[in-house]
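Student: Reading the sequence shown from the start, the letters are residues 5 to 330 in my numbering.
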Amino acid sequence: MGLERTEAVVPIIDLARIYRSLRLIRRAEEEVARIYPSDKIKSPVHLSIGQEAIAVGVCDALRPEDVVSPTYRGHAAYLAKGGSLKLMMAELYGKVTGVAGGKGGSMHLIEMGHNVLGASAVVGTTIPVALGYALALKRAREPRVVAVFFGDGATEEGVFSESLNFAALQKLPVVFVCENNFYAIHTPIPKRWATQRLCERVATYGIPTHHIDDGDPLKIRDVVADAAARMRGGDGGPVFIECRTYRWREHVGPNEDFDAGYRRRADLEPWLAGDQVEIIGRRLPPGERAAIDAAIERELAEAVDFAETSPFPQREALYTHVYAGK
Ligand SMILES: Cc1ncc(C[n+]2csc(CCOP(=O)(O)OP(=O)(O)O)c2C)c(N)n1
Ligand SMILES: [Mg+2]
């Protein structure tokens, strides 16, 4: 039998912690966008401004020993899981102090100290890797769970369907998190899917599904906390959450793109009105919120300074980390 849902297995909701995480990610990415035209950031950036609440809701329900598998749009999952802002910023600058020694960039964040698996630019490919990790955890009987993030576009890859089947069959402790922002680059879902009934499709594999429309991090947290408690008790297989969301900036790069012809600024308006950073922020006492904001600005300034003053890797670094063990 699975564990009952108690405070012992589900951490208490701490709105200040959730707000801090949301605000940190928002401000970090705004800062990346501000710096980007200077060309000091050497890596393409896929910003998740507007989508932060999904990673925050998921990660707030996890424990430090749990694992997340982000995508190339992965700053939010990395930071929400506790990854260092300084080391991320240095990575974006291509500096040797970055999380991947300055050789991975924004799309290849990795931080095993916080159980953040390496991200990849190749759509869908991290899903089976996350499953492999979950299989290893299950075989070792470790009460840990893996949350794997991917976009709506990734659900079109064959490996997504294979992974659903395998995870359901093996009852793997995996939380599948689809960040459905309605677009794969510039192509909207109606041009890609015959129906929008993603959860129904996933349910046919024997996986419980949840659909969250407004990006509310507390609802997302609740679903993940319940699922994780069941998985830790050895009594739960995978779960799938479709979180609808909206990408406020262009697919890759720091700018808005409402003049690109594939979507309208009016489509953004409801998402601005439903901005979870604001919604959660308004629930805090103003003084507490201001103190969190001020601390984040200090942390950001330190991270940018760290990235700017760190050295680039040496030429010899080109020949390391090419093959495993070297
Ligand atoms: C296997 C593969 N096919 C195509 C691409 C090109 N590509 C990069 S991002 C992307 C869109 C993916 O959309 P989605 O999964 O919805 O994620 P989002 O970018 O919206 O977060 C595509 C097609 C790729 N990187 N890898
Ligand atoms: Mg998408």
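Where a beta carbon is used, it is the ideal one built from N, C-alpha and C, also for glycine.
Please indicate yes or no: does the CB of Asp64 lie closer than 6 Å to some heavy atom of ligand 2?
Tutor: What you label residue 64 is simply residue 60 of the sequence shown in a count that begins at 1. No, the Cβ of Asp64 stays beyond 6 Å of every heavy atom of ligand 2.
Student: Would you grab the beta carbon distance between Leu113 and Val103 for me? Rounded to a whole angstrom, and I think it's under 8 Å.
Tutor: Numbered from its first residue, the sequence shown carries residue 113 at position 109. Numbered from its first residue, the sequence shown carries residue 103 at position 99. Between Val103 and Leu113 the Cβ distance is about 6 Å, and since that is below 8 Å, they are a contact.
Student: For the beta strand (DSSP E) containing Arg248, name the first residue and the last one.
Tutor: Translated into positions along the sequence shown, residue 248 becomes position 244. Start and end: Val243 to Arg248.
Student: Whose CA, out of Arg145, Lys44 and Leu91, lies closest to the CA of Met235?
Tutor: Within the sequence shown, the letter at position 231 stands for residue 235. Closest option to Met235, Cα to Cα, is Arg145.
Student: Given that a residue counts as buried once 16 or more other Cβ atoms are within 10 Å of its Cβ, and exposed if not, what is Ser42?
Tutor: As a first step, residue 42 must be located in the sequence shown, where it is residue number 38. With fewer than 16 Cβ atoms within 10 Å of its Cβ, Ser42 is classed as exposed.
Student: Do Met111 and Tyr76 have their CB atoms nearer than 7 Å?
Tutor: Looking up residue 111 in the sequence shown gives position 107. Looking up residue 76 in the sequence shown gives position 72. Yes, the pair counts as a contact, with Cβ atoms nearer than the cut-off.
Student: Which residues in the same chain as Gly87 place their Cβ atom closer than 6 Å to its Cβ, once the five residues preceding and following it in sequence are excluded?
Tutor: On the sequence shown, residue 87 is found 83 positions in, with the first residue counted as 1. Here the set comprises Glu115, His118 and Val120.
Student: Counting along the chain, where does the alpha helix (DSSP H) carrying Phe154 start and finish?
Tutor: Against the sequence shown, residue 154 aligns to sequence position 150. It is not in any alpha helix (DSSP H) - Phe154 instead sits in the beta strand (DSSP E) that spans Val150 to Gly155.
Student: What's the gap between the Cα of Ile53 and the Cα of Arg27?
Tutor: Here residue 53 is taken as the residue at index 49 of the sequence shown, counted from 1. Here residue 27 is taken as the residue at index 23 of the sequence shown, counted from 1. Each residue's Cα considered, the two are about 10 Å apart.
Student: Between Cys203 and Ala94, what straight-line distance do the alpha-carbon atoms span, to the nearest angstrom?
Tutor: Against the sequence shown, residue 203 aligns to sequence position 199. Against the sequence shown, residue 94 aligns to sequence position 90. Taking the straight line joining both Cα atoms gives about 38 Å.
Student: Heavy atom of ligand 2 less than 6 Å from the Cβ of Ala264, yes or no?
Tutor: Translated into the one-based positions of the sequence shown, residue 264 becomes position 260. No.
Student: Which residue marks the beginning of the alpha helix (DSSP H) containing Thr313, and which one marks its end?
Tutor: As a working note, residue 313 is residue 309 in the sequence shown. That run of the alpha helix (DSSP H) goes Pro290 to Thr313.
Student: Decide if Pro315 is buried, meaning its Cβ has at least 16 other Cβ atoms within 10 Å, or exposed.
Tutor: Position 311 of the sequence shown, counted from the first residue, corresponds to residue 315. Counting Cβ neighbours within 10 Å, Pro315 comes out exposed, since fewer than 16 surround it.
Student: Where does Val72 fall in DSSP's three states?
Tutor: Here the question's residue 72 lines up with position 68 in the sequence shown. Val72 falls in the strand class under three-state DSSP.
Student: Give me, in chain order, the residues of the same chain whose beta-carbon lies closer than 7 Å to that of Gly157; leave out the 5 immediate sequence neighbours on both sides.
Tutor: Start at 1 with the first residue of the sequence shown, and residue 157 comes out as number 153. Excluding sequence neighbours, Gly157 sits near Val127 and Ala188.
Student: Any Cβ of chain B within less than 7 Å of the Cβ of Gly257?
Tutor: The chain labelled as chain B is not found in the depicted structure, where only one protein chain is given.
Student: Exposed or buried, Arg268, counting other C-beta atoms within 10 Å across all chains shown (16 or more means buried)?
Tutor: By one-based count along the sequence shown, residue 268 stands at place 264. Exposed, because fewer than 16 other Cβ atoms sit within 10 Å of the Cβ of Arg268.
Student: Ligand 1 and Asn185: does the residue's C-beta get closer than 6 Å to at least one heavy atom of that ligand?
Tutor: Residue 185 sits at position 181 when you count from the first residue of the sequence shown. Under cutoff, so the answer is yes.
Student: Under a Cβ-count criterion, where at least 16 other Cβ atoms within 10 Å of its own Cβ denotes burial, should Val206 be classed as buried or exposed?
Tutor: In the sequence shown, counting from the first residue as 1, residue 206 sits at position 202. Val206 should be labelled buried.
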